[in-house]
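Here the structure is laid out as structure tokens; the discussion comes afterwards.
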Amino acid sequence: MTLTAEDISRLEQEGEIAADYLEALLDIADLDGDIDMDVEGGRASVSVIAAEDADAASGDLNRLVGREGEVLEALQELTRLAVHRETGERSRLMLDIAGFRAKRRQDLARLATEAVEQVKETGESVKMKAMTPFERKVVHDTVAESGLRSESEGEEPQRCVVVLPA
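Taking our numbering, the leading residue of the sequence shown gets 1, the next gets one more, and so forth.
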């Protein structure tokens, strides 16, 4: 996917709006965090990481991640809504907090690779556990890189990836 200068500018604007929204949220929650913005994979990417000078009394960013990323997912949707309110356009912004998504991406790539190896050994499909849209995308991308195919099946929130033989 090739992005034009206009696309990049629009995505950077989304990132700035999201950063302002998240900074206000961090202030309300009395949490210290640094915000990093980028454009990757054709979408704005915003990360909240622990501030270098954060003290223990400021709270823990992991509270904004929640169990299995549930709070993070909700915050991402709220941040996308804040961007939509300002721009009038739907956002595909990706939010990461305290490196949760980065670590999860690595874990999912490993699981997908294991499923690919199993399919190659047995010649039979492998159905993975239910995943969020973000998680399924990581698995689909990893499977595609291996040369195999994958499909999503089921209905939310039980939608899962099935890795198929070549």
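All residues carry an ideal CB built from backbone N, CA and C; glycine is no exception.
Values in this document were obtained by computation on a predicted structure and should not be read as measured data.
Q: In angstroms with no decimal places, state the Cα-to-Cα distance between L11 and T122.
A: Rounded to the nearest whole angstrom, the CA to CA distance from L11 to T122 is 43 angstroms.
(Q) Rounded to the nearest angstrom, what separates K152 and L78 at their Cα positions? (A) Residue 152 is actually Ser in this sequence, not Lys. Between S152 and L78, the alpha-carbon positions lie close to 25 angstroms from each other.
(Q) Would F100 and V65 qualify as a contact pair, given that the criterion is a beta-carbon distance under 8 angstroms? (A) Taking C-beta atoms as the reference points, F100 and V65 count as a pair closer than 8 angstroms.
Q | Straight-line gap, V39 to A112 (C-alpha atoms, nearest Å) | A | When only Cα atoms are considered, V39 and A112 end up about 25 angstroms apart.
Q | V48 in three-state terms, based on DSSP | A | Looking at V48 - three-state DSSP - the assignment turns out to be strand.
Q | Simplified DSSP state of S9, which is helix, strand or coil | A | Residue state, collapsed to three classes: helix.
Q. Roughly how many angstroms separate the alpha carbons of D60 and A102, rounded to a whole number?
A. For D60 and A102, the distance between alpha carbons rounds to 18 angstroms.
(Q) Here's the rule I'm using: 16 or more other beta-carbon atoms within 10 Å means buried, otherwise exposed. How should R80 be labelled? (A) Buried is the call here.
Q. What first and last residue would you give for the alpha helix (DSSP H) that runs through E68?
A. Unbroken run through E68: none, as it is neither H nor E.
Q.
Residues in the same chain with beta-carbon distance under 8 angstroms from L93, minus the five sequence neighbours each way, listed in chain order, please.
A. Within its own chain, the residues whose Cβ lies closer than 8 angstroms to the Cβ of L93, once the five positions on either side in sequence are excluded, are E14, G15, A18, R43, A44, S45, V46, Q76, T79, R80 and V83, listed in chain order.
Q: Could you tell me the distance, in whole angstroms, from the CA atom of E135 to the CA atom of V48?
A: Here the C-alpha atom of E135 lies approximately 19 angstroms from the C-alpha atom of V48.
**Q.** Length of the line joining the Cα atoms of A24 and A109
**A.** Near 33 angstroms, if we compare the C-alpha coordinates of A109 and A24.
Q.
Suppose you measure from the CA of G41 to the CA of T2; what does that come to, to the nearest Å?
A. Computed Cα separation, rounded: 10 angstroms.
**Q.** Residue from E52, D30, A115 and G88 with nearest C-alpha to K129
**A.** Relative to K129, the option among E52, D30, A115 and G88 whose CA is nearest is A115.
Q) With burial defined as no fewer than 16 other Cβ atoms inside 10 Å of the residue's Cβ, what is the status of G69: buried or exposed? A) Of the other Cβ atoms in all chains shown, 16 or more fall within 10 Å of the Cβ of G69; this residue is therefore buried.
Q: Determine the contact status of A5 and G33, defining contact as a CB-CB distance below 8 angstroms.
A: Contact flag unset, no.
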